[in-house]
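The next block holds one structure in the form of structure tokens; read it before the comments.
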Amino acid sequence: MQEINLPLRGARDYLLAADLFDAVQNTFPKDYQARDIQMLCFAKAKKEVRIEPFAPESLPLAYARYKDKEQDLLLLPLAQSPQRRIEDREKELLPYFALSGRKLDANVPSSLPFSPVYQAVAAFKQLLHQPQELGPAAKFIVARLSLQRLFSGPFSLVYTRLVGGAFYEAEISQNGEALGKLYFAREQQAIG
Numbered sequence: 002m003q004e005i006n007l008p009l010r011g012a013r014d015y016l017l018a019a020d021l022f023d024a025v026q027n028t029f030p031k032d033y034q035a036r037d038i039q040m041l042c043f044a045k046a047k048k049e050v051r052i053e054p055f056a057p058e059s060l061p062l063a064y065a066r067y068k069d070k071e072q073d074l075l076l077l078p079l080a081q082s083p084q085r086r087i088e089d090r091e092k093e094l095l096p097y098f099a100l101s102g103r104k105l106d107a108n109v110p111s112s113l114p115f116s117p118v119y120q121a122v123a124a125f126k127q128l129l130h131q132p133q134e135l136g137p138a139a140k141f142i143v144a145r146l147s148l149q150r151l152f153s154g155p156f157s158l159v160y161t162r163l164v165g166g167a168f169y170e171a172e173i174s175q176n177g178e179a180l181g182k183l184y185f186a187r188e189q190q191a192i193g
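Heads up: the sequence shown is residues 2 to 193, going by the working numbering.
So this is what it looks like as structure tokens:
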């Protein structure tokens, strides 16, 4: 078991899925090459989190499940709520996003402290907040992230469809190579 201590961002009362994903990645050795990555989010993480190897009996308690070719992990709640809160700096990314209909190209300088997954989540929110989509008042939560591999640098994100009336799907690509998909649920539809 490994405990991770993450801060809440802004006014949220839960830990961001992008921060949870990055925390899992940070538990691996620096030279670890994650492939065929899946992260399924089941509920808002309102407590501090521990990472444990997958066990079917623990699945009903999990906030999320992380799986790649070599790892199969659950993110489970601890008893304590997060004690730290930091400013949500997501708006600093907006100048580096170029919107064109249902596509967003992101070219965020590597000097900024935002992981590629955090950037992709912020980019997808911007796409869905457009008036022709769902508008600025809509609230979303990550439901699933699927990546062939980790990435860095400029990327594109295209909002492709609404799946089953509940999940908004976007494709992530880099230099024309499909990297994976990101799924959001409207916050009121999310479990937890």
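Glycine included, every Cβ here is placed at the ideal spot set by N, Cα and C.
| Query | Result |
| --- | --- |
| With a 10 Å radius around its C-beta and 16 neighbouring C-beta atoms as the bar for buried, classify G165 as buried or exposed. | exposed |
| With K92 as the anchor, note down where its beta strand (DSSP E) starts and where it stops. | First-last for K92: undefined, no H or E at that position. |
| How long is the line joining the alpha carbons of R187 and K31, rounded to whole angstroms? | 34 Å |
| From L74 to L105, what does the alpha carbon distance come to, in whole angstroms? | 31 Å |
| Take R66 as the anchor and find which of A12, F43, E91, V50 has the nearest alpha-carbon. | F43 |
| Could you give the residue range of the alpha helix (DSSP H) that holds K126? | 117-129 |
| Only counting the same chain, and skipping five residues up and downstream in sequence, which positions put a Cβ closer than 8 Å to that of L94? | A107, V109, L113, F115, Q120, A123, A124 |
| Which residues bound the beta strand (DSSP E) around F22? | Unbroken run through F22 is the alpha helix (DSSP H), 18-27; no beta strand (DSSP E). |
| What is the residue span of the beta strand (DSSP E) that A107 lies within? | 104-107 |
| Leaving out five residues before and five after A99 in sequence, what residues of the same chain have Cβ atoms less than 6 Å from its Cβ? | D106 |
| Should S195 and K45 be called a contact, given that it needs their Cβ atoms to be closer than 7 Å? | Residue 195 lies beyond the residue range present for the chain, which begins at 2 and ends at 193; the question has no answer from this structure. |
| Please report the distance separating the alpha-carbon of L151 from that of L60. | 25 Å |
| So, using beta-carbon positions, are P8 and R85 closer together than 7 Å? | yes |
| Mapping the DSSP letters down to three states, classify L79 as helix, strand or coil. | coil |
| Could you spell out where the beta strand (DSSP E) holding S174 opens and where it closes? | 168-175 |
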